[in-house]
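Novice: Quick one: this structure, given as structure tokens, is what I'll be asking you about.
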Amino acid sequence: MKFKLIAVAATSIALAMGGVAGLNAQEDVIAERQQAMKDMGAALKAGNPGDVAPLAAKLKMLFPEGSTSADSEATPLIWEEWDQFVALFDKLEADSLAGAGARELGGTCKECHDKYREKKS
Ligand code: HEC
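FYI, in mature numbering (1 follows the signal peptide of the UniProt record, and there is no 0) the residues of the sequence shown are -25 to -1, 1 to 96.
Quick look at the structure:
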């Protein structure tokens, strides 16, 4: 009986630790994509719209399912409409590679933010 209790306790500790590790990975990915978003904004401001393409390509990988948090402005709609969401990054990348300017690219930024980002501050 006592042994069983210890086994159960050990299992819950292991589960709790796994949970914490998972949470940290999720926070890392959120911080990384927020930085990549800022870098895209900086590229546009600096007059380098061509620099947006690799960032848009990278960003597609930085939204694992369900990765949202109190600090994140990502809405759950992203994973319900994943194909449409990713299509906006593809468009951004393609337009940037094709030499589109900040104004045109900015329209895609806004289109996605209007739908899939919930401003918290
Ligand atoms: C396909 C959707 C999508 C596109 C396209 C997109 N964004 Fe975002 N953006 C988001 C989402 C979702 C967030 C919220 C991320 C989070 O907080 O987890 C965000 C957040 C941001 C942030 C805030 C980052 C922070 O520090 O919290 C900036 C700045 C930003 N985007 C700039 C841009 C610019 C500039 C473009 C266009 C060149 C762009 N985004 C294109 C979806 C998009």
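Even glycine gets a Cβ: it sits at the ideal position worked out from N, Cα and C.
Under 7 Å, do Val27 and Ala21 count as touching if we go by C-beta distance?
Specialist: Translated into the one-based positions of the sequence shown, residue 27 becomes position 52. Translated into the one-based positions of the sequence shown, residue 21 becomes position 46. Going by C-beta atoms, Val27 is not nearer than 7 Å to Ala21.
Novice: For a test of the three-state rule: what should DSSP assign to Ala73, helix, strand or coil?
Specialist: Stepping through the sequence shown from its first residue, residue 73 is reached at position 98. Residue state, collapsed to three classes: coil.
Novice: Between the segment 68 to 82 and the segment 27 to 36, do at least 3 Cβ pairs fall closer than 8 Å?
Specialist: These segments touch.
Novice: By how many angstroms is the C-alpha of Lys95 removed from the C-alpha of Gly84?
Specialist: By one-based count along the sequence shown, residue 84 stands at place 109. By one-based count along the sequence shown, residue 95 stands at place 120. First, the amino acid is wrong: residue 84 is Cys here, not Gly. Their Cα atoms are separated by approximately 17 Å.
Novice: Counting C-beta neighbours from all protein chains within 10 Å, is the total for Leu37 16 or more, i.e. buried, or is it exposed?
Specialist: What you label residue 37 is simply residue 62 of the sequence shown in a count that begins at 1. So Leu37 ends up on the buried side.
Novice: Nearest-angstrom Cα distance between residue 97 and Glu55?
Specialist: Beyond the ends of the chain as shown, which are -25 and 96, falls residue 97; an answer cannot be given.
Novice: Taking the straight line between their C-alpha atoms, what separation do you get for residue 98 and Asp14?
Specialist: The requested residue 98 does not occur in the structure, where the chain is confined to residues -25 to 96.
Novice: Less than 7 Å between the beta carbons of residue 156 and Glu79, yes or no?
Specialist: In this structure the chain extends from -25 to 96, so residue 156 is not present and cannot be described.
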